[in-house]
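Student: One structure, as structure tokens, below. Some questions next.
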Amino acid sequence: MKASRIAAAGAVAGVTVLAISAPAFAHVSVQPEGEAAKGSYAVVDFKVPNERDNASTTKLEVTFPTDHPLASVMPQPVEGWEAKVTKSKLDKPLELHGKKIDEVVSKVTWTAEGKGIEPGFFQKFPVSIGTLPEDADELVFKALQTYSNKEVVRWIEVPQEGQEEPEFPAPVLALSEATDGGHHGSSDHKDDKGDQAEKDDAEAENASAQSSAHGSEESGDSTDTTARVLGVIGIVVGAAGVAYGVLAGRRRTTA
30 MKASRIAAAG
40 AVAGVTVLAI
50 SAPAFAHVSV
60 QPEGEAAKGS
70 YAVVDFKVPN
80 ERDNASTTKL
90 EVTFPTDHPL
100 ASVMPQPVEG
110 WEAKVTKSKL
120 DKPLELHGKK
130 IDEVVSKVTW
140 TAEGKGIEPG
150 FFQKFPVSIG
160 TLPEDADELV
170 FKALQTYSNK
180 EVVRWIEVPQ
190 EGQEEPEFPA
200 PVLALSEATD
210 GGHHGSSDHK
220 DDKGDQAEKD
230 DAEAENASAQ
240 SSAHGSEESG
250 DSTDTTARVL
260 GVIGIVVGAA
270 GVAYGVLAGR
280 RRTTA
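Residues in the sequence shown are numbered consecutively from 30, following this note's numbering.
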């Protein structure tokens with residue numbers, strides 16, 4: 030009797046733990062493909078799982094941060110989904126590659142053209158973003174997930190350090206420190222290309238100089254060989270001439 034009660038209590042506890050922990054791993058999240066370094070560009074994936082057994086996810090709306098606006102936002106096409114980019118004016122223009130930007134992407138909305146994300150599946154929505162701020166450690170993207178039964182789940186609660194994760198946490202992108210080898214903009218990229226071009230030119234000049242020196246050595250060797258052959262021929266001709274003269278003198282003496 031006691032054993033059955035313990036088993037029943039354990040089963041209830043297990044179901045309770047699963048029910049409590051389900052939102053922790055089933056919420057909308059954002060992760061970089063590789064690294065999201067400060068001051069650089071990155072491709073991030075918004076991962077959307079379906080939490081319902083009787084409905085499909087048919088729409089995702091992601092709002093981009095206003096405290097750290099991003100001048101460049103480009104969603105990657107996702108099969109079966111239509112992406113709509115919404116822009117808004119900035120009170121304070123941003124400067125990107127020497128140009129002032131007064132309009133940025135404030136929201137991207139993906140709408141399913143078919144069945145959407147069915148129960149038991151998830152979908153990734155890749156977006157290229159930049160440049161990432163240098164004065165922040167993370168970016169918060171609030172998201173709305175709409176189901177085929179018209180239910181809307183609002184993933185907009187900002188997690189606070191030292192506190193438990195909220196029931197509907199907003200996707201948070203952690204930013205890593207900038208690296209010396211990272212690209213912080215097109216100007217740096219151009220400088221890298223210029224340095225490489227100078228290096229290539231120097232290597233080409235060095236190779237040309239070595240080729241010329243090698244050619245000179247071959248030319249000098251050829252000249253020395255020719256001179257030696259001519260010298261030998263001269264000696265042979267001279268010896269033949271001397272022999273002919275001696276023979277001719279003997280014939281005259283005999284006569």
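Note that CB positions come from ideal geometry on N, CA and C, so glycine has one too.
So Thr-92 and Lys-136 are supposed to be a Cβ contact under 8 Å. How far apart are they, rounded?
Tutor: The sequence position of residue 92 within the sequence shown is 63, counting from 1. The sequence position of residue 136 within the sequence shown is 107, counting from 1. 5 Å between Cβ atoms; contact.
Student: To the nearest angstrom, report how far apart Ser-177 and Pro-122 are at their CA atoms.
Tutor: To locate residue 177, count along the sequence shown from 1; it is residue 148. To locate residue 122, count along the sequence shown from 1; it is residue 93. Roughly 39 Å between the two C-alpha positions.
Student: Considering only C-alpha positions, which residue in the set Ala-100, Val-107, Glu-111 is nearest to Lys-118?
Tutor: Along the sequence shown, read from residue 1 onward, the residue named residue 118 stands at position 89. Checking every option, the nearest Cα to that of Lys-118 belongs to Ala-100.
Student: By the 10 Å Cβ neighbour count, where 16 or more other Cβ atoms means buried, how is Ala-55 classified, buried or exposed?
Tutor: Taking the first residue of the sequence shown as 1, we reach residue 55 at position 26. The residue is exposed, with fewer than 16 neighbouring Cβ atoms inside 10 Å.
Student: Between Val-114 and the ligand COA, is the CB less than 6 Å from at least one heavy atom?
Tutor: For the structure depicted, the ligand COA is absent and the ligand set is empty, with no information on it obtainable.
Student: Could you check which residue in Ala-112, His-97, Val-77, Asn-79 has the C-alpha nearest to that of Pro-162?
Tutor: Within the sequence shown, residue 162 is the residue found at index 133, counting from 1. The candidate whose alpha carbon is nearest that of Pro-162 is His-97.
Student: Between which two residues does the beta strand (DSSP E) containing Ile-185 stretch?
Tutor: Here residue 185 corresponds to residue number 156 of the sequence shown, with the count starting at 1. Element bounds for Ile-185: n/a, residue is neither H nor E.
Student: Between the segment 197-204 and the segment 166-186, do three or more beta carbon pairs fall short of 8 Å?
Tutor: yes
Student: In the DSSP assignment, the beta strand (DSSP E) including Thr-175 goes from what residue to what residue?
Tutor: Position 146 of the sequence shown, counted from the start, is the residue given in the question as residue 175. Segment 171-176, the beta strand (DSSP E) holding Thr-175.
Student: Excluding sequence positions up to five away, which residues of its chain have a Cβ less than 6 Å from the Cβ of Gly-159?
Tutor: Walking along the sequence shown from the start, residue 159 turns up at place 130. Counting only Cβ-Cβ distances below 6 Å, and skipping sequence neighbours, we find Tyr-70, Ser-101.
Student: Alpha carbon to alpha carbon, what distance is there between Thr-87 and Ile-146?
Tutor: As a position in the sequence shown, residue 146 is number 117, starting the count at 1. As a position in the sequence shown, residue 87 is number 58, starting the count at 1. Straight through space, the alpha carbons of Thr-87 and Ile-146 are spaced by roughly 7 Å.
Student: Between the C-alpha atoms of Glu-111 and Val-59, what's the straight-line distance to the nearest angstrom?
Tutor: The residue labelled residue 111 in the question sits at position 82 within the sequence shown. The residue labelled residue 59 in the question sits at position 30 within the sequence shown. C-alpha separation (whole angstroms): 19 Å.
Student: Looking at Pro-94 and Val-169, is the spacing between their C-beta atoms short of 7 Å?
Tutor: Indexing the sequence shown from 1 puts residue 169 at position 140. Indexing the sequence shown from 1 puts residue 94 at position 65. The answer is yes: Cβ separation under 7 Å.
Student: Look up Val-114 in the DSSP assignment and give the residues it is bridged to.
Tutor: Residue 114 sits at position 85 when you count from the first residue of the sequence shown. Answer by DSSP bridge pairing, in chain order: Val-137.
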